[in-house]
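Working notes, beginning with the structure itself.
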Amino acid sequence: MINRSLARGIFLAAVALFFGLGALRYPIGRMDHAGPGLFPLMISVLLGLVALATIVRGIVAGGPAMSFQYKNIGLVLGALCAFSLVSRWVNMSAGIVVMVFIATAAGSNYSWKRNIVISAGLLAIAFVFQKFLGLNLPLL
3 MINRSLARGI FLAAVALFFG LGALRYPIGR MDHAGPGLFP LMISVLLGLV
53 ALATIVRGIV AGGPAMSFQY KNIGLVLGAL CAFSLVSRWV NMSAGIVVMV
103 FIATAAGSNY SWKRNIVISA GLLAIAFVFQ KFLGLNLPLL
């Protein structure tokens with residue numbers, strides 16, 4: 003059976019390959035005059051190196067076998083759906099809080115105090131994106 007490190011490395015390699023090949027559709031340019039494909043290609047190469055190191059580690063060191071926790075997968079997917087619905091019908095601030103409280107139920111130890119801190123941090127990031135980057139986020 004495949005171990006977690008090896009599966010993680012293969013997934014990262016697939017993501018790096020996907021975005022790296024997509025970046026090649028755009029002009030790369032030169033280092034002194036970068037094209038639109040240079041940055042995604044550089045990030046893909048770096049992610050590919052991380053993937054390669056993770057694959058080697060998975061082969062050499064081994065690790066625990068990969069297993070699926072269907073309840074946790076369902077909770078995370080439900081949290082994303084709840085975020086989308088609450089953001090649409092109430093506002094994004096409430097959606098962020100609902101998402102955090104549902105998604106953290108998938109963890110090993112549930113703490114409502116930690117959920118409040120995480121929610122506050124995500125709300126602060128969303129506020130910065132709205133005010134300083136000019137994104138149209140329906141926070142209130």
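Counting from 1 along the sequence shown, just add 2 to a position and that's the residue number in our numbering.
Every residue gets a Cβ at the ideal spot worked out from N, C-alpha and C, and that includes glycine.
Quick caveat, the model's predicted, so the values are computed rather than measured.
A Cβ-Cβ separation of about 6 Å places Leu-141 in contact with Asn-93 under the 8 Å criterion.
Excluding the 5 residues flanking it on each side, Pro-66 has same chain C-beta neighbours closer than 7 Å at Asn-5 and Arg-6, in chain order. Straight-line measurement puts the Cα of Arg-10 at about 8 Å from the Cα of Ala-53. In the pairwise beta carbon analysis, the region 21 to 33 is classified as not touching the region 58 to 74: fewer than three pairs are separated by under 8 Å. Judged by DSSP in its simplified three-state form, Gly-22 adopts helix. Ala-96 and Ala-126 have their C-alpha atoms roughly 13 Å apart.
Within the region 86 to 119, the complete alpha helix (DSSP H) segments at least 4 residues long are 94 to 105, listed from N- to C-terminus. Ala-36 has Gly-31 as its beta-bridge partners, per DSSP. For the pair Ser-121 and Val-102, the CB atoms are nearer than the 8 Å cut-off. Counting C-beta atoms within 10 angstroms of its own C-beta, Phe-20 has fewer than 16 neighbours from the protein chains shown and is therefore classed as exposed.
Unbroken alpha helix (DSSP H) runs of no fewer than 4 residues, entirely contained in the region 35 to 78, are found at 40 to 62, following chain order.
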